[in-house]
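**Q** Residue numbers (our numbering): 43 to 190.
C-beta: ideal position from N, C-alpha, C; glycine also.
Since we're looking at a predicted model, the values are computed, not measured.
Attaching a single structure in structure tokens format; questions to follow.
Structure follows, in structure tokens:
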């Protein structure tokens with residue numbers, strides 16, 4: 043079985059966005075002073091790295107070529123996040139707000155591809171597990187924002 047071109051493109055977009063999220067979390071970790079937040083962001087970066095590898099392997103299983111690297115939009119978002127945290131009097135709160143925004147978008151993107159009618163069961167399972175982890179991460183980061 044092979045993916046349709048539409049599914050293949052969406053999975054590659056999701057893969058790239060996981061690379062973007064990994065890089066964003068690494069940047070966030072470098073821009074916070076709170077050790078708990080540093081650990082949290084480093085754990086999320088590792089998680090997104092793992093998600094990327096799972097997606098890359100799944101794409102290969104179905105005979106497609108996975109994309110490599112981050113996107114221009116993701117690179118621009120990290121620059122914005124860096125500028126915002128530098129200029130903000132409360133950079134940790136600004137970073138948490140951007141993290142929440144990014145995680146909400148990620149959940150929407152996962153839900154969008156999960157609506158595809160011809161997803162193989164293995165791909166659907168991987169996507170649901172990853173989406174649910176992102177939902178949990180979103181709740182955690184919201185809790186950090188309340189404490190900030």
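1) What's the gap between the Cα of residue 109 and the Cα of residue 182?
2) What's the C-alpha gap between residue 157 and residue 52?
3) If you count every other CB in all the chains shown that lies within 10 Å of the CB of residue 179, and 16 or more means buried, which is it?
4) Between the C-alpha atoms of residue 174 and residue 89, what's the straight-line distance to the nearest angstrom?
5) With residue 184 as the anchor, note down where its alpha helix (DSSP H) starts and where it stops.
6) Which whole-angstrom value is the C-beta distance of residue 187 and residue 139, which I expect to be below 8 Å?
7) Contact between the region 53-73 and the region 91-103 is defined here as three or more beta-carbon pairs at a separation below 8 Å; is this criterion met?
8) Could you please give the first and the last residue of the uninterrupted alpha helix (DSSP H) stretch that includes residue 140?
9) Alpha carbon to alpha carbon, what distance is there between residue 84 and residue 106?
10) For residue 164 and residue 170, what's the separation of their Cα atoms in angstroms?
11) Determine the direct distance from the alpha carbon of residue 136 to that of residue 185, and round the result to whole angstroms.
12) Considering just the uninterrupted stretch of the alpha helix (DSSP H) at residue 58, what are its terminal residues?
13) Between the alpha carbons of residue 141 and residue 80, how many angstroms are there, rounded?
14) Under three-state DSSP, which class holds residue 109?
15) Quick one, are the C-beta atoms of residue 45 and residue 94 less than 7 Å apart?
16) Short of 6 Å in beta carbon distance, which residues of its chain neighbour residue 70, apart from the five on each side in sequence? Order them along the chain.
**A** The short version:
1) Locating residue 109 in the chain shown gives position 67, where the first residue counts as 1. Locating residue 182 in the chain shown gives position 140, where the first residue counts as 1. C-alpha of residue 109 to C-alpha of residue 182: approximately 30 Å in a straight line.
2) As a first step, residue 157 must be located in the chain shown, where it is residue number 115. As a first step, residue 52 must be located in the chain shown, where it is residue number 10. Taking the straight line from one Cα to the other gives about 11 Å.
3) The count along the chain shown starts at 1 and reaches residue 179 at position 137. Classification for residue 179: buried.
4) Within the chain shown, numbered from 1, the residue matching residue 174 stands at position 132. Within the chain shown, numbered from 1, the residue matching residue 89 stands at position 47. If you draw a straight line from the Cα of residue 174 to the Cα of residue 89, it comes to about 12 Å.
5) In the chain shown, counting from the first residue as 1, residue 184 sits at position 142. It spans 163-189 - the alpha helix (DSSP H) in which residue 184 sits, taken as one unbroken run.
6) As a first step, residue 187 is located in the chain shown; it is residue number 145 there, counting from the start. As a first step, residue 139 is located in the chain shown; it is residue number 97 there, counting from the start. With a Cβ gap of about 7 Å, residue 187 and residue 139 count as contacting.
7) They touch, by the three-pair rule.
8) Taking the first residue of the chain shown as position 1, residue 140 is located at position 98. Its alpha helix (DSSP H) spans residues 133-156.
9) Looking up residue 106 in the chain shown gives position 64. Looking up residue 84 in the chain shown gives position 42. About 30 Å.
10) The residue you call residue 164 lines up with position 122 of the chain shown. The residue you call residue 170 lines up with position 128 of the chain shown. Those two C-alpha atoms are separated by around 10 Å.
11) Locating residue 185 in the chain shown gives position 143, counting from the first residue. Locating residue 136 in the chain shown gives position 94, counting from the first residue. Counting only the Cα atoms, residue 136 lies some 14 Å from residue 185.
12) For this step, residue 58 is matched to residue 16 along the chain shown. Run containing residue 58: 47-72, per the alpha helix (DSSP H) assignment.
13) In the chain shown, counting from the first residue as 1, residue 141 sits at position 99. In the chain shown, counting from the first residue as 1, residue 80 sits at position 38. When the Cα atoms are used, residue 141 and residue 80 turn out to be separated by approximately 13 Å.
14) Sequence index remark: in the chain shown, residue 109 carries index 67 (1-based). Three-state result, residue 109: coil.
15) Mapped onto the chain shown, residue 45 falls at position 3. Mapped onto the chain shown, residue 94 falls at position 52. No, they are not a contact pair.
16) One-based indexing of the chain shown puts residue 70 at position 28. Taken in chain order, the residues that qualify are 83, 137.
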